[in-house]
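Residue numbers (my numbering): 15 to 279.
Where a beta carbon is used, it is the ideal one built from N, C-alpha and C, also for glycine.
Quick notes on the structure that follows.
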């Protein structure tokens with residue numbers, strides 16, 4: 015439970031969690047370009063878990079699926095049907111399904127590490143992964159627009175048809191900012207900040223529980239019961255947030271791609 019430890023210093027005072035917890039010391043290969051700290055190690059574990067689970071679920075595909083195969087197929091169908099095909103249609107949904115599937119399960123796995131014992135830190139709670147995935151989404155929808163509407167995508171994105179020419183002086187900067195700047199920024203920050211806040215709340219509740227039970231003692235243990243209960247409730251809530259953020263990130267990637275493929279471009 016590495017990070018969910020007593021937050022009491024030697025002076026017996028309670029100290030809340032800090033942002034420094036997201037920048038742990040290097041564990042492997044210090045002083046090299048391949049330094050690995052706890053966050054990076056958690057990301058490796060999350061990716062390995064995804065690969066192993068899908069390998070186990072699909073290694074012996076049968077006409078009558080086993081339980082593991084059924085779970086893997088249901089998970090994949092959720093992205094394929096609910097996100098890809100519903101928004102992009104069967105043809106384009108199939109084209110962009112590998113990217114959407116990768117984004118969904120990568121975000122989901124790295125979000126869930128925040129509530130797994132002995133890990134207790136989301137791989138998406140440091141900006142690297144959210145930023146990389148936002149760039150992937152950004153490149154995807156721009157590629158889709160250029161591929162579908164070569165020579166017209168940027169023109170129609172920045173100068174929407176049907177707008178009076180005199181208004182372009184206002185509309186074009188807004189479209190530039192909203193389409194090509196704010197989209198990747200909001201994708202990154204939405205995922206990052208949700209995971210950061212969730213982690214800090216969990217550390218606060220469980221750290222306070224430890225403090226009330228084992229440092230303050232006496233009647234303060236009653237407060238520990240309350241913080242423990244809140245910690246449990248917020249753990250369940252964090253599971254919901256982890257799933258929801260994976261869904262929202264993937265959904266917005268599909269939405270932006272669908273807008274880029276729209277006929278008006």
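As a quick exercise: from the options, pick the residue whose alpha carbon is nearest that of residue i.
i           : options            : result
residue 252 : 274, 240, 139, 225 : 139
residue 210 : 127, 193, 274, 174 : 127
residue 205 : 266, 180, 183      : 266
residue 270 : 101, 245, 166      : 101
residue 53  : 33, 37, 66, 45     : 37
residue 7   : 75, 82, 199        : Beyond the ends of the chain as shown, which are 15 and 279, falls residue 7; an answer cannot be given.
residue 111 : 123, 124, 92       : 92
residue 258 : 78, 274, 125, 182  : 125
residue 240 : 230, 255, 222, 254 : 222
residue 194 : 179, 178, 169      : 169
residue 263 : 233, 198, 245      : 198
residue 69  : 105, 84, 31        : 84
residue 141 : 208, 243, 46       : 208
Bridge partners of residue i, per DSSP?
i           : result
residue 121 : Answer is none; residue 121 lacks a bridge partner.
residue 50  : 42
Determine whether the beta carbon atoms of residue i and residue j lie at a separation below 7 Å.
i           : j           : result
residue 60  : residue 137 : yes
residue 117 : residue 147 : yes
residue 89  : residue 72  : no
residue 167 : residue 159 : yes
residue 260 : residue 95  : no
residue 216 : residue 248 : yes
residue 119 : residue 64  : yes
residue 151 : residue 201 : yes
residue 255 : residue 212 : yes
Below 8 Å on the Cβ atoms is my guess for residue i versus residue j; work out the distance and round it to an integer in Å.
i           : j           : result
residue 226 : residue 219 : With a Cβ gap of about 11 Å, residue 226 and residue 219 do not count as contacting.
residue 276 : residue 98  : Wrong, their Cβ atoms sit about 16 Å apart, outside the cutoff.
residue 289 : residue 133 : Since the first and last residues shown for the chain are 15 and 279, residue 289 lies out of range.
residue 203 : residue 190 : The pair is not a contact, with the Cβ atoms about 19 Å apart (cut-off 8 Å).
residue 50  : residue 41  : 6 Å
residue 156 : residue 274 : 7 Å
**Prompt:** Which full runs of the alpha helix (DSSP H) of 4+ residues lie inside the stretch 156–242, going along the chain?
**Reply:** Fully enclosed alpha helix (DSSP H) runs of 4 or longer: 167–172, 182–191, 197–224.
**Request:** With a floor of 4 residues, list each alpha helix (DSSP H) that falls wholly inside the stretch 97–150, ordered by position along the chain.
**Result:** Counting whole runs of 4 or more residues, the stretch 97–150 contains the alpha helix (DSSP H) stretches 100–126.
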